[in-house]
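Residue numbers (the numbering used here): 1 to 163.
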């Protein structure tokens, strides 16, 4: 019995959706910090207005936004609705990925590339930049996956001719 068959389908879909929310939460960190040349690891999550550290319960995707009524627990400044929107979009994209690809290698690649594209899109819309720290690893991953699936020559050709 395969791993994907051992897990009840609704549980798998729910777990992937929750995973997508968590990945979306991290995507928000990247979207905010990368254009400002800040670390995505340190310091931990904090309010950009008052710099107060967020409690673990304040970091639960979507739920904490609703519970806090879209405001910082410490300074009551409004939190942009973009944050839960990014979390939801990322979760929906990963949900779509599992529905299309199942638990496959393609899905694993999709789990990396879809959030990366969400991050790139959001940063580009707000700052009109596309950070190399996201695109260059994406190119390398795309080349490696292409080499494994369609062959190294076809993968390189695709890079140079745009297909």
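Idealized CB from N, CA, C, for every residue including glycine.
{"Item": "Between the alpha carbons of residue 42 and residue 23, how many angstroms are there, rounded?", "Value": "17 angstroms"}
{"Item": "Could you give the first and the last residue of the continuous alpha helix (DSSP H) run that contains residue 18?", "Value": "9-33"}
{"Item": "What span of residues does the alpha helix (DSSP H) with residue 76 cover, start to end?", "Value": "Neither: residue 76 is in no alpha helix (DSSP H) and is coded neither H nor E."}
{"Item": "Going by the CB atoms, is the gap between residue 20 and residue 90 shorter than 7 angstroms?", "Value": "yes"}
{"Item": "Mark residue 87 as exposed unless 16 or more other C-beta atoms lie within 10 angstroms of its C-beta, in which case mark it buried.", "Value": "buried"}
{"Item": "Where does residue 28 land, buried or exposed, given buried means 16+ other C-beta within 10 angstroms?", "Value": "buried"}
{"Item": "Within this structure, are the beta carbons of residue 48 and residue 65 separated by less than 7 angstroms?", "Value": "no"}
{"Item": "Could you tell me which residues DSSP puts in a beta bridge with residue 46?", "Value": "53"}
{"Item": "With residue 106 as the anchor, note down where its alpha helix (DSSP H) starts and where it stops.", "Value": "105-127"}
{"Item": "Counting pairs of Cβ atoms below 8 angstroms between the segment 100-119 and the segment 140-148, do you hit three or more?", "Value": "yes"}
{"Item": "Is the CB-CB distance between residue 129 and residue 120 below 7 angstroms?", "Value": "no"}
{"Item": "For residue 100, does the three-state DSSP call read helix, strand or coil?", "Value": "helix"}
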